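Residue numbers (my numbering), protein chains in the order written: chain C, 3 to 113; chain A, 300 to 413.
Just so it is clear, CB atoms sit at the ideal spot from N, CA and C, and this is done for glycine as well.
Just so it is clear, the structure is predicted and the values come from calculations on it, not from any experiment.
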């Protein structure tokens, strides 16, 4: 079945630093999504990407849909303590009606 | 406007028992998807319900079944519980055909099987 490889598994950074994480797949997706999950909560959508090569920003977050449609990355600039959480990538194909998630990147930000 | 509501928030069951988890979708949403999230992993798709029918199913055994009611709420049933069924069960609601960007996730039900 489809699998997503998300890296790194965890990151420990200083407040103010930039963060980069990525996701690769053996299969093509027509939508890539990035979520953040905090303890005791469900995932919350950060950015959705619909087109190969697309670069989209949401505040300090920037994500790109890889040209091959098999990868995506998320950058967070000037990290702050409230960025702490687990970030998940997900690939979605409309016909399949389901999303396939990576195993997440746990981000810790030291003040 | 209430978001997705899941109940109960936590429960503990014994191996071999049966469990029912409940989900009320966000107002205006007509589709409910269920995901299983094991500790340290990403959510895995179980199935999706629309118009009271199972529309898509992931790679889960028949012990996992569901139901959707006319008011769009949904239940997830798991029979013959195994230790490996311990996980956070997430419900996501959406408007049919909107795609994953329309998902709203609930906070989940934490199931522990002992």
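Can you list the beta strand (DSSP E) stretches of 3 or more residues lying completely in the stretch 370-402 of chain A, in chain order?
-> 373-377, 386-393
For residue 31 of chain C, count neighbouring Cβ atoms within 10 angstroms of its own Cβ and tell me buried if that reaches 16, exposed if not.
-> buried
Quick one, which residues of the stretch 309-320 of chain A are near chain C if we go by CB-CB under 7 Å, in chain order?
-> none
Reference residue 111 of chain C, options C:93, C:5, C:18, closest by Cα = C:18
Could you please give the first and the last residue of the uninterrupted beta strand (DSSP E) stretch that includes residue 30 of chain C?
-> No beta strand (DSSP E) holds residue 30 of chain C; DSSP gives it neither H nor E.
Are residue 90 of chain C and residue 52 of chain C touching if we call contact CB-CB under 7 Å?
-> no
According to the neighbour-count rule (16 or more other Cβ atoms, all chains shown, within 10 Å of its Cβ), is residue 384 of chain A buried or exposed?
-> buried
State yes or no: is the beta carbon of residue 385 of chain A nearer than 7 Å to at least one beta carbon in chain C?
-> no
Between which two residues does the beta strand (DSSP E) containing residue 352 of chain A stretch?
-> 352-356
Hey, out of C:75, C:39, C:98, C:43, whose CA is closest to residue 26 of chain C's CA?
-> C:75
Using a Cβ-Cβ cut-off of less than 8 Å, list which residues of the stretch 340-370 of chain A approach chain C; keep chain order.
-> 340, 341, 342, 343, 344, 347, 354, 355, 357, 358
Look at residue 50 of chain C and residue 400 of chain A and say whether their C-beta atoms are less than 7 Å apart.
-> yes
Do the stretch 366-381 of chain A and the stretch 84-104 of chain C touch if we need at least three Cβ pairs shorter than 8 Å?
-> no
Classification of residue 305 of chain A by the beta-carbon crowding that lies within 10 angstroms, buried from 16 upward = buried
In angstroms, rounded to a whole number, what distance separates the CA positions of residue 310 of chain A and residue 28 of chain C?
-> 36 Å
If you measure from the beta carbon of residue 85 of chain C to each beta carbon in chain A, is any gap under 7 Å?
-> no
Report yes if the CB atom of residue 109 of chain C is closer than 7 Å to the CB atom of residue 86 of chain C, and no otherwise.
-> yes
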